[in-house]
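Counting along the sequence shown from 1, when you hit position 259 you're at 259 in UniProt numbering, and nothing is skipped either side. Note that CB positions come from ideal geometry on N, CA and C, so glycine has one too.
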Amino acid sequence: MFMRNHWYDNIKGVLVLFVVFGHLLTDVRGAYDDLLPNWIYLFLYTFHMPLFIMLSGYFFRENRYLRVIQLFVVYVIWQVILGSWFAFTEGIPLLSIDNPGLNVLKPYWALWYLMAIIIWYVITPYVTQLKGYVLYALLFALLFGFQAESTGFFALRKVVMFYPFFLIGNWMSARNTLNFFELPKRAEQRNRYRIGGAAVFTTITLGLLASMSFQKEDAFYHVGNLFKFRFAYETAVPEAMWSGPFAFLIVYTVSLLMAISFALIIPGRELPVFTRAGKYSLYVYLVHVFLVVGWKAFVPAAFMPTSWLQLLVLFGVAFVIVLLIISPPAVRLLRPLVEIDVRRVQDDRATKA
């Protein structure tokens with residue numbers, strides 16, 4: 001019988017909570033005189049998506065074409081649902097070419113991640129045949145930064161720029177790098193790594209805090225976009241475009257160290273809420289968009305007197321959103337739209353043939 005590893009689920013559970021919290025924070029930046037919301041937002045984006053992607057790479061297995069088909073079907077369904085819902089709320093005709101839900105080649109908002117996973121699943125078996133494939137992917141990503149592509153088709157920029165993290169996760173899996181967290185008898189070794197991870201994570205966090213302490217609000221947007229790989233070098237580092245590869249290399253290094261050290265801090269025992277949230281992280285990732293947009297539509301960006309109170313409330317809201325989505329009734333309701341059984345379709349076709 002397959003036994004899930006609570007450590008991996010706990011990591012994904014915490015990360016998907018950060019995803020929801022980060023999306024709630026977007027409009028809060030700039031709503032207060034202090035920079036605390038900007039700092040928290042930047043802090044989250046230094047590591048939470050890179051670590052999510054590394055875990056996806058860690059659990060990648062070749063010859064899973066049914067999984068690719070399943071993810072693509074899920075992607076198309078949610079692209080139509082989310083995009084059409086957005087078009088409806090904005091007064092755009094549902095059958096118009098302006099409806100983002102009908103453009104399946106251009107992922108809507110958070111769905112870029114699903115599109116990226118599909119593409120990575122298809123190309124990775126071939127990429128990993130190369131010796132030093134992680135370095136090749138990193139070099140290609142650094143060179144791609146000069147490309148000013150901004151159409152959003154296939155979420156190409158994020159697909160290329162985040163791909164090294166996926167391959168790093170795959171490389172770690174191939175060498176059983178994290179197997180000491182899967183073996184209970186190695187508790188002493190786990191504790192040593194956990195202490196080391198906490199030290200590295202704290203050191204980098206304090207260093208980032210110190211480097212941004214005297215910066216203005218624009219600097220937080222600028223650095224945040226670097227960690228999100230949102231723009232090409234000509235926009236990301238317009239003052240010295242040719243320094244872009246070095247800037248992004250620093251971003252990769254910081255994100256990698258933050259991601260790994262954060263993962264080492266997370267406990268391996270079952271944590272009811274986070275373990276379940278990790279198990280159903282795809283549910284949360286897909287559905288939270290509705291609730292976040294609904295919240296922003298009816299609640300002002302700054303409804304609390306201070307930024308720290310606002311952050312506490314929003315973190316609580318994010319936690320409640322996660323709880324609602326992973327509740328048994330919600331999971332049962334959403335399962336047909338998230339865990340689509342393509343094998344049944346294949347079996348039905350085989351039977352009819």
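>> My output table needs one value for P50: the three-state DSSP class, helix, strand or coil.
In response: The DSSP-derived three-state label of P50 is helix.
>> For L256 and G196, what's the separation of their Cα atoms in angstroms?
In response: Our two residues, L256 and G196, have alpha carbons roughly 15 Å apart in a direct line.
> Which residues mark the beginning and the end of the alpha helix (DSSP H) in which Q189 is found?
Replying inline: Judged by DSSP secondary structure, Q189 falls within the alpha helix (DSSP H) whose first and last residues are 187 to 212.
> Of the choices L135, S173, V160, R269, whose alpha-carbon is the least far from that of A187?
Replying inline: The residue with the shortest Cα to Cα distance from A187 is R269.
>> Tell me the rounded alpha-carbon separation between H288 and I250.
In response: Their backbone Cα atoms lie some 31 Å apart in a straight line.
>> Extract the residue ranges of the alpha helix (DSSP H) inside the region 52 to 98, only unbroken runs of 4 or more that lie entirely within it.
In response: Taking only runs of at least 4 residues, the alpha helix (DSSP H) segments lying wholly in the region 52 to 98 are 65 to 89.
> Given A232, which residues of its chain have a CB within under 7 Å of its CB, disregarding the five upstream and five downstream residues?
Replying inline: So the qualifying residues of the chain are G145, F146, Q147, A148.
> Since Y32 contacts S307 with CB under 8 Å, what's their CB separation in whole angstroms?
Replying inline: Under the criterion of beta carbons closer than 8 Å, Y32 and S307 qualify as touching, at roughly 4 Å.
> Just the Cα atoms here: how many angstroms apart are F154 and G101?
Replying inline: Cα to Cα, F154 sits roughly 14 Å from G101.
> How many whole angstroms separate the CB atoms of I265 and A198, which I take to be in contact at a CB cut-off of 8 Å?
Replying inline: I265 to A198, Cβ: 5 Å. Contact.
> When you compare each of L312, F86, L35, Y193 to F290 by their alpha carbons, which one comes out closest?
Replying inline: Minimum Cα distance to F290 is reached at F86.
> How would you label F229, buried or exposed, when you count the other beta carbons within 10 angstroms and need 16 or more for buried?
Replying inline: So F229 ends up on the buried side.
> Rounded to a whole number of angstroms, what is the C-alpha to C-alpha distance between H222 and A247?
Replying inline: Rounded to the nearest angstrom, the two C-alpha atoms are 12 Å apart.
> Can you list, in chain order, the residues of its chain whose CB lies under 6 Å from that of W120, leaving out five sequence neighbours each side?
Replying inline: Cβ-Cβ distances below 6 Å link W120 to F166 in the same chain, with the five nearest sequence neighbours on each side left out; the list follows chain order.
> Taking the alpha-carbon positions, what's the V16 to D27 distance?
Replying inline: Cα to Cα, V16 sits roughly 19 Å from D27.
>> Spatial neighbours of S261 within its chain, please: C-beta separation below 6 Å, excluding the five flanking residues on both sides.
In response: For S261, where only same-chain residues beyond five positions count, the Cβ hits under 6 Å are G197, V200, F201.
>> On a Cα-Cα basis, can you pick out the residue from L111, M172, K106 that is closest to Y133?
In response: Closest by alpha carbon: M172.
> From which residue to which residue does the alpha helix (DSSP H) around E217 run?
Replying inline: 217 to 227 is the span of the alpha helix (DSSP H), which, as asked, contains E217.
> Between which two residues does the alpha helix (DSSP H) containing V299 stretch?
Replying inline: Boundaries for V299: no alpha helix (DSSP H) harbours it, and the DSSP string shows neither H nor E there.
> Hey, would you say the C-beta of L35 is under 6 Å away from at least one heavy atom of the ligand PLP?
Replying inline: This structure lacks the ligand PLP, and indeed carries no ligand of any kind.
> How many whole angstroms separate the CB atoms of L226 and A236, which I take to be in contact at a CB cut-off of 8 Å?
Replying inline: By a beta-carbon distance limit of 8 Å, L226 contacts A236. Their separation comes to about 6 Å.
> Which two residues bound the contiguous alpha helix (DSSP H) that contains Y29?
Replying inline: Note that residue 29 is Arg in the sequence shown here, rather than Tyr. No alpha helix (DSSP H) contains R29, which DSSP labels as neither H nor E.
> Is the distance from the Cβ of I11 to the Cβ of S56 below 7 Å?
Replying inline: Annotated as distal: I11 and S56, with beta-carbon spacing of 7 Å or more.
> For V159, which of P272, L323, R61, L114 has the nearest alpha-carbon?
Replying inline: Nearest of P272, L323, R61, L114 to V159, Cα basis: L114.
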